[in-house]
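Written out below as structure tokens is the structure these notes cover.
Number of protein chains: 2
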Amino acid sequence: MKAKVVVMPKAAVLDPQGAAVREAMQHLGMREVKNVRIGKYLEIDLERDGADVEARLHKLCRDLLSNPVIEDYQLVKE
Amino acid sequence: MKAKVVVMPKAAVLDPQGAAVREAMQHLGMREVKNVRIGKYLEIDLERDGADVEARLHKLCRDLLSNPVIEDYQLVKE
Numbered sequence: 030m031k032a033k034v035v036v037m038p039k040a041a042v043l044d045p046q047g048a049a050v051r052e053a054m055q056h057l058g059m060r061e062v063k064n065v066r067i068g069k070y071l072e073i074d075l076e077r078d079g080a081d082v083e084a085r086l087h088k089l090c091r092d093l094l095s096n097p098v099i100e101d102y103q104l105v106k107e
Numbered sequence: 030m031k032a033k034v035v036v037m038p039k040a041a042v043l044d045p046q047g048a049a050v051r052e053a054m055q056h057l058g059m060r061e062v063k064n065v066r067i068g069k070y071l072e073i074d075l076e077r078d079g080a081d082v083e084a085r086l087h088k089l090c091r092d093l094l095s096n097p098v099i100e101d102y103q104l105v106k107e
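Quick mapping for you: the protein sequence lines, in order, are chains Z and F. Quick note on numbering: the first sequence equals residues 30 to 107 in the numbering used here. Quick note on numbering: the second sequence equals residues 30 to 107 in the numbering used here.
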């Protein structure tokens with residue numbers, strides 16, 4: 030089983046890394062770029078699909094993988 | 030138009046950040062975790078869909094957003 034987690038800064042939170050990349054892309058000729066936001070992408074391989082794996086994954090997403098004050102996460106199981 | 034880019038370390042490249050997260054997840058009771066790999070996730074807002082936007086995005090993915098020696102990228106347009 031695989032799980033994929035995307036952790037992104039909340040919409041209301043400044044993303045200086047994204048702003049720097051936007052500037053760099055525009056500077057390199059990509060004038061169409063309006064906005065860039067940068068987050069983390071995690072691919073998690075799991076041994077088996079236990080009963081409460083998804084609930085425990087959500088807990089770890091909140092407690093370990095993201096900072097709920099400034100970040101949102103999305104968990105997709107495959 | 031939106032483009033999403035996932036940049037991941039190549040399979041043959043060590044991912045110490047992923048290994049640290051795997052250890053932490055196991056330590057926090059998630060014994061099912063076999064492997065974790067961590068990459069970057071970029072959401073790019075584009076003003077319009079120009080003729081060669083996709084080709085130029087691919088070039089920027091290679092030149093600016095990833096290091097092709099140790100990373101692979103995936104570009105998805107929406």
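The beta-carbon is built from N, C-alpha and C at its ideal position, and this holds for glycine as well.
Around the beta carbon of residue 69 (chain F), 16 or more other beta carbons sit within 10 angstroms, so the residue counts as buried. The criterion of a C-beta distance shorter than 8 Å is satisfied by residue 31 (chain Z) and residue 74 (chain Z). Here the C-alpha atom of residue 66 (chain F) lies approximately 12 Å from the C-alpha atom of residue 52 (chain F). Of all C-beta pairs linking the stretch 88-102 of chain Z to the stretch 40-47 of chain F, fewer than three are shorter than 8 Å, placing the two stretches out of contact. For residue 53 (chain F), a Cβ of chain Z is located within less than 8 Å of the residue's own Cβ.
DSSP, reduced to helix, strand and coil, places residue 71 (chain Z) within a strand of the structure shown. Annotation: Cβ neighbours of residue 35 (chain Z) in chain F (cutoff 8 Å, chain order): 70. Non-local beta-carbon contacts of residue 97 (chain F) in its own chain, meaning distances under 8 Å to residues more than five positions away in sequence, involve 91 in chain order. With respect to residue 76 (chain F), residue 61 (chain Z) sits close: the two C-beta atoms are nearer than 8 Å. Per the coordinates, the alpha-carbon of residue 39 (chain F) lies some 5 Å from the alpha-carbon of residue 100 (chain F). One finds 74 in chain Z with Cβ atoms closer than 7 Å to the Cβ of residue 64 (chain F), taken in chain order. Under DSSP, residue 104 (chain F) shares a beta bridge with F:34. Across the structure, residue 59 (chain F) and residue 59 (chain Z) are spaced so that their CA atoms are roughly 43 Å apart. Using a CB distance cut-off of 8 Å, residue 100 (chain Z) does not count as an interface residue toward chain F.
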